[in-house]
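Here's the structure, in structure tokens; my notes come after.
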Amino acid sequence: MKQLGITTTVPIEILLAAGYQPVDLNNLFISDPDPARLLNIAEKAGFPLNCCSWIKGIYGVCLDYGINDVLCVTSGDCSNTIMLMEVLKLRGLNVIPFAYPQQPQPQQMEYTLQALAEKLGTTLAAAEKVRTALAPVRTMAYQLDELTWKDGLVSGGENHLWLVSTSDFNRDYRKFQSDLQKLIAEYQKRQPYPSDFLRMAYIGVPSVYAGGLYRFVESHRARVVFNEVQRQFAMPEPGNSLAGQYSNYTYPYSIYDRLRDINTEIARRRIDGVIHYVQAFCHRGIGDIIFRDALKLPVLTMEGNDDFVLNSHNRTRIEAFLDMLRLKKLKADHIETYKEAGNED
Ligand code: SF4
Numbered sequence: 060m061k062q063l064g065i066t067t068t069v070p071i072e073i074l075l076a077a078g079y080q081p082v083d084l085n086n087l088f089i090s091d092p093d094p095a096r097l098l099n100i101a102e103k104a105g106f107p108l109n110c111c112s113w114i115k116g117i118y119g120v121c122l123d124y125g126i127n128d129v130l131c132v133t134s135g136d137c138s139n140t141i142m143l144m145e146v147l148k149l150r151g152l153n154v155i156p157f158a159y160p161q162q163p164q165p166q167q168m169e170y171t172l173q174a175l176a177e178k179l180g181t182t183l184a185a186a187e188k189v190r191t192a193l194a195p196v197r198t199m200a201y202q203l204d205e206l207t208w209k210d211g212l213v214s215g216g217e218n219h220l221w222l223v224s225t226s227d228f229n230r231d232y233r234k235f236q237s238d239l240q241k242l243i244a245e246y247q248k249r250q251p252y253p254s255d256f257l258r259m260a261y262i263g264v265p266s267v268y269a270g271g272l273y274r275f276v277e278s279h280r281a282r283v284v285f286n287e288v289q290r291q292f293a294m295p296e297p298g299n300s301l302a303g304q305y306s307n308y309t310y311p312y313s314i315y316d317r318l319r320d321i322n323t324e325i326a327r328r329r330i331d332g333v334i335h336y337v338q339a340f341c342h343r344g345i346g347d348i349i350f351r352d353a354l355k356l357p358v359l360t361m362e363g364n365d366d367f368v369l370n371s372h373n374r375t376r377i378e379a380f381l382d383m384l385r386l387k388k389l390k391a392d393h394i395e396t397y398k399e400a401g402n403e404d
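Take the sequence shown: its letters are residues 60 to 404, numbered as in my numbering.
Put into structure tokens, the structure is as follows:
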């Protein structure tokens, strides 16, 4: 299959139906043994220091890994992708723009998907068949998510890794499915996490710290049981058609659509506190104002740039946040016990 780089989650059913192998360039960047090397390639080419690391990483990956064809999402992800696309074109790559419709409306989505299918030389009917073929692996991803928040058997980092990888199913959905199936059987034999661990939500774009952030949180008797964007990548509400599935996908749309999903999951997963990750120089960071206003829980906003490990400043902030949440919880438990003992005030 011919590789087609993708700059974020796209309707991969259409790519697969057209005979392409989708390759998520973000995942290649962050899983590279030396991601700083890929940033250097972009900076040497002239990308400014104050440009988001994911954009520079994607550029570095395209050149270093020899990716020749890239599907660039120009609406519904990142405005920087438009200029990245122009630079990739200058370097001789074949770039294909793709824009999510302005509104997550099924009819508009259908037109958009139809146009993409025609551009790639396939049909929506063929892509619907791929959607059916992907249904079991997507169901497995939901199962993994439930093992995380309901059963306490899967770590926040494992949850992040598997869900974020559903954007391209690690370039081979059949292998992804068989690997995940085996792992789920293993996870089901584990002892659950202790019930006194704090339950955290992680919202915002995936961080440059990858697993390090999750491990650090767990080393302080807390764990992430909700990875917002990563879960969305797995298409948790598949609907009855591709148009329905991608209309239910919240990430490309208004922050208020995302908030509805976040608030539902916060209540369902009994979350104690929220980590909002923002990437330096990213327009999405402004959304922090809205999250802080709308979410009823304490929020820790963390900004990452090109430091791929948590620095001591961030570690201290996380520790202080978790201490505060623990005290808050302890106080709430005491009040509850006091009331249960028949005291009114
Ligand atoms: S983190 Fe923000 S600026 Fe960077 S690629 Fe993603 S949306 Fe764009």
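Where a beta carbon is used, it is the ideal one built from N, C-alpha and C, also for glycine.
Here the structure is a predicted model, which is why all the values come from computation and not from measurement.
By the neighbour-count criterion, in which a residue is buried when 16 or more other Cβ atoms sit within 10 angstroms of its Cβ, I321 is buried.
Between the alpha carbons of N99 and N364 lies a distance of about 14 Å.
Contiguous alpha helix (DSSP H) elements confined to the segment 295 to 333 occur at 301 to 306, 314 to 327, taking only those with 4 or more residues.
The C-alpha of Q240 is placed about 30 Å away from the C-alpha of I117. A heavy atom of the ligand SF4 is found nearer than 7 Å to the CB of C341. Short note on C121: C-beta not closer than 7 Å to any heavy atom of the ligand SF4. By the Cβ test, the segment 278 to 296 is in contact with the segment 260 to 268, since at least three Cβ pairs between them sit closer than 8 Å.
DSSP lists A158 as the beta-bridge partner residues of S134. The three-state reading of DSSP puts Y232 in helix, counting H, G and I together. Going by C-alpha positions, L74 is about 51 Å away from D392. In the three-state DSSP reduction, M259 falls in the strand class (E or B). Across the structure, T309 and S254 are spaced so that their CA atoms are roughly 31 Å apart. Cα atoms of C341 and C111: separation of roughly 6 Å, rounded to the nearest angstrom.
In this structure, D331 and L384 form a Cβ contact; the two beta carbons are roughly 5 Å apart against a cut-off of 8 Å. The beta carbon of Q338 sits closer than 7 Å to at least one heavy atom of the ligand SF4. With contacts defined by Cβ atoms closer than 8 Å, L172 and L381 do not form a contacting pair.
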